[in-house]
Amino acid sequence: LANNQFSGSLPGCLFTWLPRLRDLSISNNRLTSSAIPPEIASAQQLTTLRANEAGLSGSLPVELRCARRLITLTLKGNALTGSIPQEAINGLIMLNTLDVGYNKLTGMIPVFPSSLSELRNLYLNNNVLPTRPQLARPASRAAPRVPVARTLTATWYLELLWQAFSGEMAKLWPRKWQA
375 LANNQFSGSL PGCLFTWLPR LRDLSISNNR LTSSAIPPEI ASAQQLTTLR ANEAGLSGSL
435 PVELRCARRL ITLTLKGNAL TGSIPQEAIN GLIMLNTLDV GYNKLTGMIP VFPSSLSELR
495 NLYLNNNVLP TRPQLARPAS RAAPRVPVAR TLTATWYLEL LWQAFSGEMA KLWPRKWQA
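Under my numbering, the letters of the sequence shown match residues 375 to 553, in that order.
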């Protein structure tokens with residue numbers, strides 16, 4: 375379905391009528407006023423969702439957590455807003471690639487739990503994340519750290535470009551990453 379002239383919204387029935395759908399690519403379309411529908415919860419066999427420059431808008435649904443077999447989620451170059459739901463991230467235990475660059479996402483960078491051991495490529499670039507990252511504080515009185523860095527020791531590529539972050543960089547990263 376990629377590289378067409380589709381318009382309108384992404385129909386939720388696509389996920390409910392095709393519960394065994396494994397790979398969906400709707401990149402490079404002209405969807406309008408289209409959010410990822412909550413019916414994505416029915417797509418429990420989905421391993422790949424590519425929707426780069428598809429015309430998506432709205433927020434990322436918490437129901438993404440139900441797509442537990444999702445390996446690749448690329449949503450680059452849309453008009454997605456709001457934050458990345460922590461609950462959705464917690465459910466995507468097989469995720470290898472998450473690309474939400476070039477959107478209008480805001481809020482706290484989610485904590486990526488150690489159960490996401492397969493995550494290798496994470497693109498959060500060119501969004502509207504806070505000037506000073508809103509960081510989750512550890513249970514102890516230690517200084518806050520970039521949440522993605524605390525648990526993603528196997529991640530190969532992390533892109534946080536063009537966020538207008540400020541502050542002392544060394545204080546954000548785990549000590550084992552510092553020289």
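Note that beta-carbon positions come from the ideal geometry of N, C-alpha and C, so glycine has one too.
- Under the DSSP assignment, residue 390 falls in the alpha helix (DSSP H) whose first and last residues are 387-390.
- Taken through DSSP and simplified to helix, strand or coil, residue 479 comes out as strand.
- Using a 10 angstroms sphere on the CB of residue 387, the tally of other CB atoms stays under 16, which defines it as exposed.
- For the 9 Å CB-CB criterion, residue 456 and residue 489 do not form a contact.
- By a beta-carbon distance limit of 8 Å, residue 487 does not contact residue 452. Their separation comes to about 25 Å.
- In the DSSP assignment, residue 495 falls within the unbroken beta strand (DSSP E) covering 495-497.
- For residue 456, the enclosing beta strand (DSSP E) stretches over residues 453-456.
- Take residue 416, set aside five residues on each side of it, and the residues of its chain with a beta-carbon closer than 6 Å to its own are 389, 390 and 393, in chain order.
- With contacts defined as CB atoms closer than 9 Å, residue 435 and residue 458 fail to qualify as a contacting pair.
- Contact between residue 418 and residue 441 holds, with the beta-carbon distance rounding to 7 Å and staying under 8 Å.
- Here residue 408 is buried. Its C-beta has 16 or more other C-beta atoms within 10 Å.
- Excluding five sequence positions before and after residue 492, the CB atoms of its chain that fall closer than 7 Å to its own CB belong to 468, 469 and 470, given in chain order.
- A residue is called buried once 16 or more other Cβ atoms fall within 10 Å of its Cβ, and residue 406, having fewer, is exposed.
- Assignment of residue 447 by DSSP, reduced to helix, strand and coil, places it in the strand class.
- Residue pairing from DSSP places residue 398 in a beta bridge opposite 423.
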